[in-house]
């Protein structure tokens, strides 16, 4: 009988298993929203960083004498992310680049540097978004 009693004592009781499952459930309920929040914050930070890079590229171009075909010249409400990206990727001098500056000597704006930005976002929107930290008006997603 003593050996039979020892065999029955092996393993966990149903109550113990339910308690462990409940604890795991509570931890998951608390941690999952936080992790999702951190992921969203990281995405927003990436968009803001890309916006800053494109803004710096635009300001570099202006400081080197670039003139975008907008009225008035270089109007921040008309110059878009797509225009900046195309200008940096151009391999030959363009109408914007009157001084024939090699933009890549100053900064690189590759496709992956602005893949989260709306190509039609204007420089004034990028400026506002980077100042506020809210990328909702300049993002593609």
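Numbering (full-length UniProt numbering), first residue to last: 1 to 141. C-beta: ideal position from N, C-alpha, C; glycine also. Remember, it's a predicted structure, so these values are computed and weren't measured experimentally.
Just tell me which of the options has its CA closest to the CA of residue i.
i: residue 80; options: 122, 73, 62 and 100; result: 122
i: residue 52; options: 35, 114 and 119; result: 114
i: residue 108; options: 38, 91, 96 and 129; result: 91
i: residue 146; options: 49, 96 and 70; result: As displayed, the chain neither begins before 1 nor continues past 141, which places residue 146 out of reach and without an answer.
i: residue 130; options: 44, 11 and 63; result: 44
i: residue 97; options: 65, 34 and 110; result: 65
i: residue 57; options: 40, 89 and 26; result: 89
For residue i, which residues does DSSP report across the bridge?
i: residue 117; result: 139
i: residue 122; result: 80
According to DSSP, is residue i part of a helix, a strand, or is it coil?
i: residue 130; result: helix
i: residue 61; result: helix
i: residue 75; result: coil
i: residue 217; result: In the structure as shown, the chain begins at 1 and stops at 141. Residue 217 is therefore absent and cannot be evaluated.
i: residue 34; result: helix
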